[in-house]
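Asks: So for the sequence shown, the numbering used here puts the first residue at 480; every next one is plus one. Don't be surprised by glycine CBs; every beta carbon is placed ideally from N, CA and C. From a predicted model like this one, the values you see are computed outputs, not experimental measurements. Structure in structure tokens, see below.
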Amino acid sequence: MTAITDDENEAGDRWDDGLIARRAGGRDDSGLRDEETREGTEEEVGEEHVPIGGAYVGPLRVRLDALRELIGLSRTRLDGQTLAEAGRVLDEAAARQRLSSRHTVVAIAGATGSGKSTLFNALAQVPISETGLRRPTTTGPIACTWSEGAAGLLDRLAIPPRLRRRPLAGGAEELSGLVLVDLPDHDSALVRHREQVDRVLALVDAVIWVVDPEKYADAALHERYLRPLAGHAEITFVVLNQVDRLPGEAADQVLDDLRRLLDEDGMALGEHGEPGATVLPLSALTGEGVAELREMIGTFVQERTAPARRLSADVEAAAAKLRAVYVADGRTGLSERSREDFAARLAEAIGAKAAGETAEREWRRNAGRACGTPWLRLWRWYEGTRTPGSGTPEAAEPVEEELTARQRVEQAVRTVADEAAAGLPAPWAQAVREAAVRGAEGLPEALDELATREAAATSGRPLRPKWWPAAVLAQASMTLLQIYGGLWLVGQIIGVLEPGLLTPAMLMLAGIVGGPLVEWGSGAAVRGPARRYGQDAERRLREAAAGCGRARVLDPIAGELMRYREVREQYSTVSSGKAGAAVAVPGGGSGGGPGGGSVWLQR
């Protein structure tokens, strides 16, 4: 883009160029030239040090705060490239806030030969931007400001002082606060021109797209700019230039087709029913429709809402790009059934049921030893001494059982992690699985230690029922009767005692019959206590395994789900502009602590 020459500035007598003003300051010219010098300096230097920006308020402030919090919570879970656009929006919001809130920056963009520069000059009512047959005519952004204090905005756009214009007398009152920027062609063959267009379009408050009857349907315009910027329809003007070249009803037909294309692009109406892009026909060459556009721009500028509306659209666009990494596909979280299944798998891996059965058998064995006949215990001891070392072949079994138990633990962790990650966006699902894997490190060893401690606690002398001493005394009495009756009979046989077989025989028979009866009765009575003892041992082991699994696996999973809940709430606020828009919370562990509750998160 080129600017007008020094001669043109002097001839126009209405426009001030910063570079010319500085040159004029070195000469002792007329009072008018001194006025130009002072005015140019005030715009480019003095205003840079004066904070004239305004604070964001209302829903926009809420959304920006939520976006900042969202990025902070997500840095450890999402890569920098994913968060780059959201970070850029925050940076641009902060930069725009520090600059003038009294100005509205409007860019004029279009394709080669669309008449951008002609429209720019028509709106400015003075030839500023060069026009002609040579393409491209505009080689860099040119700015025209209707009021002071826009130097910071122009510095942000990287527009050099030599390409800045403003009226000496202040310009039209209805355009006060307008900063109009003429851009190079968006379809220029020069890459640097296209880069300039993209850079400035990302910073301005509004855009006027100039199309002509030949290129209004150009795919480059619709696919590269209008369609991606559909969310910015409220701050977009689309003007059909050169309508003076269309005969009869052709202008209306082209305008209708342009509106159809804009509707397909999503520019005709906002996503939530808000007004879409402003569309109107005009001829920058003849002036037809220019006054109407000028009036629209004046009203638009005086509202002083364009910067906030542009920023809201940027936040909305950033939120749309982040939707895939924050919005869950359906419900997420761990149900009570999933937690119970996880605890059951750990209990199975640790052998809780087998430990309970072992404890029950041990309790019954102890009862049998205490209440059984001494002759039966003697026989069992004798059988045991006949086959010493009979249990040694089983020594290899614990190794195989340990491997199987470890595999069961790993499978239980994978299953609960997959259930917790189901439906979550990919980064958060991966974070849940990683938390489960980290927690599972050392879990088999911890469970083995629990089993060892529980076995040691169970091996102690258990509590005996109140009838146990009576049964032991009865069994001892039956044994004494057998011994006493037997000795009596032996004494009669050897002649030491007087003959009389009935009494000693009855005593001996009572002992022989009574001993097994006491043992049988004790065995029947001991089943209930033994079963409860085994169930208590199994329950303690299950609770210990569940507690270990909860602390090592479920609680870390719950922490990740809680973090996702926080970012999901912030994302909902960013998307809707309402604080606390998210109403559901993902669960994680069990109970009421960090892993407690079966609560669902919905879209």
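(1) Once the 5 residues before and after Pro726 are set aside, which same chain residues still bring their CB inside 7 Å of it?
(2) Quick check on the DSSP output: what are the complete alpha helix (DSSP H) runs of length 4 or more inside the stretch 967-1054, in order along the chain?
(3) Where does the unbroken alpha helix (DSSP H) through Thr778 begin, and where does it stop?
(4) Check whether the Cβ of Ala792 lies closer than 7 Å to any heavy atom of the ligand GTP, and answer yes or no.
(5) Give me the Cα-Cα distance between Gly1038 and Ala831, rounded to the nearest whole angstrom.
(6) Under 8 Å between the Cβ atoms of Leu759 and Gly766?
(7) In three-state DSSP terms, what is Leu719?
(8) With DSSP as the reference, label Ala900 as helix, strand or coil.
(9) For Leu498, I'd like the list of residues in its chain whose CB is within less than 7 Å of its CB, leaving aside the five on either flank, ordered along the chain.
(10) Please classify Thr883: does DSSP put it in a helix, a strand, or coil?
(11) Out of curiosity, what's the CA-to-CA distance linking Gly594 and Ala763?
(12) Quick one: what does DSSP say Ile621 is sitting in, helix, strand or coil?
(13) According to the neighbour-count rule (16 or more other Cβ atoms, all chains shown, within 10 Å of its Cβ), is Gln886 buried or exposed?
(14) Nearest-angstrom Cα distance between Glu515 and Asp731?
(15) By a C-beta neighbour count over all protein chains shown, 10 Å radius and 16 as the cutoff for buried, is Arg724 buried or exposed?
(16) How would you call Asp664, buried or exposed, if buried means at least 16 neighbouring beta carbons within 10 angstroms?
(17) In angstroms with no decimal places, state the Cα-to-Cα distance between Val806 and Ala896.
(18) Taking all protein chains shown into account, decide if Pro983 is buried (16 or more other Cβ within 10 angstroms of its Cβ) or exposed.
(19) Could you check if Leu700 is buried or exposed, using at least 16 other CB atoms within 10 Å of its CB as the buried criterion?
(20) Count the other C-beta atoms from every protein chain shown that fall within 10 angstroms of the C-beta of Thr883, then say buried if there are 16 or more, exposed otherwise.
(21) Would the stretch 556-567 count as touching the stretch 666-674 if we require 3 or more Cβ pairs under 8 Å?
(22) Do three or more CB pairs link the stretch 616-626 to the stretch 691-709 at distances below 8 Å?
(23) Could you please give the first and the last residue of the uninterrupted alpha helix (DSSP H) stretch that includes Pro906?
(24) Return the CA-CA distance between Val718 and Ala901, expressed in angstroms with no decimal places.
(25) Would you please state the rounded distance, in angstroms, between the beta carbons of Leu1083 and Val689? I believe it to be under 8 Å.
(26) Under 8 Å by Cβ, that's how I've got Gly710 and Glu819 pegged, so tell me the actual separation to the nearest angstrom.
(27) List the residues that DSSP assigns as beta-bridge partners of Ile687.
(28) With a CB to CB cut of under 8 Å and the five nearest residues on each side skipped, what residues in its chain are close to Gly921?
(29) Excluding the 5 residues flanking Ala787 on each side, which residues of the same chain have their C-beta closer than 6 Å to its C-beta?
(30) Going by beta carbon distance, what residues of the same chain come within less than 8 Å of Ala603, once the five residues before and after it are set aside?
(31) Which residues in the same chain as Thr757 place their Cβ atom closer than 6 Å to its Cβ, once the five residues preceding and following it in sequence are excluded?
(32) Rounding to the nearest angstrom, what Cα-Cα distance links Arg635 and Arg810 in this structure?
(33) Could you name the residues of the same chain whose beta carbon sits closer than 6 Å to that of Pro620, not counting the 5 residues immediately before and after it, in chain order?
(34) Cβ atoms of Cys1027 and Ala914: under 8 Å apart, would you say?
(35) CB-CB under 8 Å to Trp858, same chain, minus the five flanking residues each way: which ones, in chain order?
(36) Which residue marks the beginning of the alpha helix (DSSP H) containing Thr597, and which one marks its end?
Replies: A quick look at the data gives this:
(1) Looking up residue 726 in the sequence shown gives position 247. Excluding sequence neighbours, Pro726 sits near nothing in its chain.
(2) Here the runs fully enclosed are 981-1028.
(3) Here the question's residue 778 lines up with position 299 in the sequence shown. Segment Val769 to Gln781, the alpha helix (DSSP H) holding Thr778.
(4) For the ligand GTP, the structure offers nothing, since it holds no ligand at all.
(5) Numbered from 1 along the sequence shown, position 559 holds the residue referred to as residue 1038. Numbered from 1 along the sequence shown, position 352 holds the residue referred to as residue 831. Between the C-alpha atoms of Gly1038 and Ala831 there is a straight-line separation of about 28 Å.
(6) Counting from 1 along the sequence shown, the entry for residue 759 is found at position 280. Counting from 1 along the sequence shown, the entry for residue 766 is found at position 287. Contact flag unset, no.
(7) The residue you call residue 719 lines up with position 240 of the sequence shown. Three-state result, Leu719: strand.
(8) Translated into the one-based positions of the sequence shown, residue 900 becomes position 421. Of the three classes helix, strand and coil, the one that applies to Ala900 here is helix, per DSSP.
(9) The residue labelled residue 498 in the question sits at position 19 within the sequence shown. Interpretation of Leu498 is limited by its pLDDT of 31, a score under 50 that renders its predicted location unreliable; the figure taken from the coordinates is listed afterwards. Only Pro640 and Arg641 meet the Cβ criterion.
(10) Taking the first residue of the sequence shown as position 1, residue 883 is located at position 404. DSSP, reduced to helix, strand and coil, places Thr883 within a helical segment of the structure shown.
(11) Reading the sequence shown from its first residue, position 115 is the one you call residue 594. Reading the sequence shown from its first residue, position 284 is the one you call residue 763. In a straight line, the C-alpha of Gly594 is about 7 Å away from that of Ala763.
(12) As a first step, residue 621 is located in the sequence shown; it is residue number 142 there, counting from the start. Three-state DSSP puts Ile621 in a strand.
(13) Indexing the sequence shown from 1 puts residue 886 at position 407. With fewer than 16 other CB atoms across the displayed protein chains lying within 10 angstroms of its CB, Gln886 is exposed.
(14) Translated into positions along the sequence shown, residue 515 becomes position 36. Translated into positions along the sequence shown, residue 731 becomes position 252. Model confidence at Glu515 stands at a pLDDT of 35, short of 50, so the residue's coordinates are unreliable; what they give is reported in the following sentence. Each residue's Cα considered, the two are about 46 Å apart.
(15) The count along the sequence shown starts at 1 and reaches residue 724 at position 245. Per the 10 Å Cβ criterion, exposed.
(16) By 1-based counting over the sequence shown, the position of residue 664 is 185. By the neighbour-count rule (16 or more Cβ atoms within 10 Å), Asp664 is buried.
(17) Position 327 of the sequence shown, counted from the first residue, corresponds to residue 806. Position 417 of the sequence shown, counted from the first residue, corresponds to residue 896. It is roughly 19 Å from the alpha-carbon of Val806 to the alpha-carbon of Ala896.
(18) To locate residue 983, count along the sequence shown from 1; it is residue 504. Counting the other Cβ atoms within 10 Å of the Cβ of Pro983 gives 16 or more, which makes it buried.
(19) The residue you call residue 700 lines up with position 221 of the sequence shown. Leu700 should be labelled buried.
(20) Within the sequence shown, the letter at position 404 stands for residue 883. Exposed, since its Cβ has fewer than 16 Cβ neighbours within 10 Å.
(21) As far as the Cβ criterion goes, the stretch 556-567 does not touch the stretch 666-674, which means the pair count is below three.
(22) Counting Cβ pairs under 8 Å, fewer than three are found: no touch.
(23) Here residue 906 corresponds to residue number 427 of the sequence shown, with the count starting at 1. For Pro906, the enclosing alpha helix (DSSP H) stretches over residues Ala905 to Ala919.
(24) By one-based count along the sequence shown, residue 718 stands at place 239. By one-based count along the sequence shown, residue 901 stands at place 422. Whole-angstrom Cα-Cα distance: 49 Å.
(25) One cannot answer for residue 1083 here, as it falls past the ends of the chain, which runs 480 to 1082.
(26) The residue you call residue 710 lines up with position 231 of the sequence shown. The residue you call residue 819 lines up with position 340 of the sequence shown. With 8 Å as the limit, Gly710 and Glu819 do not qualify as a contact, their Cβ atoms being about 46 Å apart.
(27) The residue you call residue 687 lines up with position 208 of the sequence shown. Answer is Ile587 and Phe716.
(28) To locate residue 921, count along the sequence shown from 1; it is residue 442. Excluding sequence positions up to five before and after Gly921, its CB lies within less than 8 Å of the CB of Arg1031, all in the same chain and listed in chain order.
(29) Here residue 787 refers to the residue found at position 308 when the sequence shown is read from its first residue. Correct list, in chain order: Leu539.
(30) Taking the first residue of the sequence shown as position 1, residue 603 is located at position 124. Once the five neighbours on either side are set aside, the close Cβ partners of Ala603 are Cys623, Arg644 and Leu659.
(31) Here residue 757 refers to the residue found at position 278 of the sequence shown. Shown here for Thr757: same chain residues with a beta carbon closer than 6 Å to its own, the five before and five after excluded, namely Phe716 in chain order.
(32) Position 156 of the sequence shown, counted from the start, is the residue given in the question as residue 635. Position 331 of the sequence shown, counted from the start, is the residue given in the question as residue 810. Rounded to whole angstroms, the gap between the alpha carbons of Arg635 and Arg810 is 45 Å.
(33) One-based indexing of the sequence shown puts residue 620 at position 141. Excluding residues within five positions, the ones whose Cβ falls inside 6 Å are Ile638, Val660, Leu662 and Val679.
(34) Taking the sequence shown and counting its residues from 1, one reaches residue 914 at position 435. Taking the sequence shown and counting its residues from 1, one reaches residue 1027 at position 548. Cβ distance not < 8 Å, so Ala914 and Cys1027 don't count as in contact.
(35) Start at 1 with the first residue of the sequence shown, and residue 858 comes out as number 379. Excluding positions up to five away in sequence, the list is empty.
(36) Translated into positions along the sequence shown, residue 597 becomes position 118. Thr597 -> alpha helix (DSSP H) spans Lys595 to Ala603.
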